[in-house]
Amino acid sequence: MRRLAVLLIAGICASSSSAGEVFTWTDDEGVVHYSQWAPKDTTTVTTLRTVSRNPADYDPGADPYSIQNQAARVNKTWSKIEERNAELRKRRQEEEERLARMQPPVYQYPYDPYSFYRAPLRRPIYRPVHPIYPV
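Count the sequence shown with my numbering and you get residues 6 to 140, in order.
So, in structure tokens, the structure goes:
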């Protein structure tokens, strides 16, 4: 139990060191602004203290999951996709031009010596009925 209390106090002390300041002010049009930097032209500023969940040595520029880094990765991926699509379009156009320059193929049909009707080898089991004059 004592160990838990010590850890709890240490956690509270560590989290208070990462607290940040938030400045709030109202502009001429009545819009309330919140920022982590104090405005230069306004004299009435209210300072709010917030608790940050980030460590003290946190660098948002080095965070791979920050919005800027994610946007950069997405833009890089889209540029790669666009380059690949441009390359595929270029290849497809070159292939179409190559096929357009080619002569149409000449097909050689094999000679079929059995192009006439051959009667069946056996007679049918039943006598066929005449299609116009059935008996």
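Here a beta-carbon is modelled for each residue, glycine too, at the ideal position from N, C-alpha and C. Keep in mind it's a predicted model, so treat the numbers as computed, not measured.
The residue from T29, D33, V37 and E34 with its alpha-carbon nearest to that of A43 is T29. Beta-bridge partners of W30 (DSSP): H38.
Taking the Cα positions, R96 is about 12 Å away from L104. Sorting P60, N59, S57 and Q41 by C-alpha distance to the C-alpha of T51 places Q41 at the top. According to the DSSP assignment, R78 belongs to the alpha helix (DSSP H) that extends over I72 to R106.
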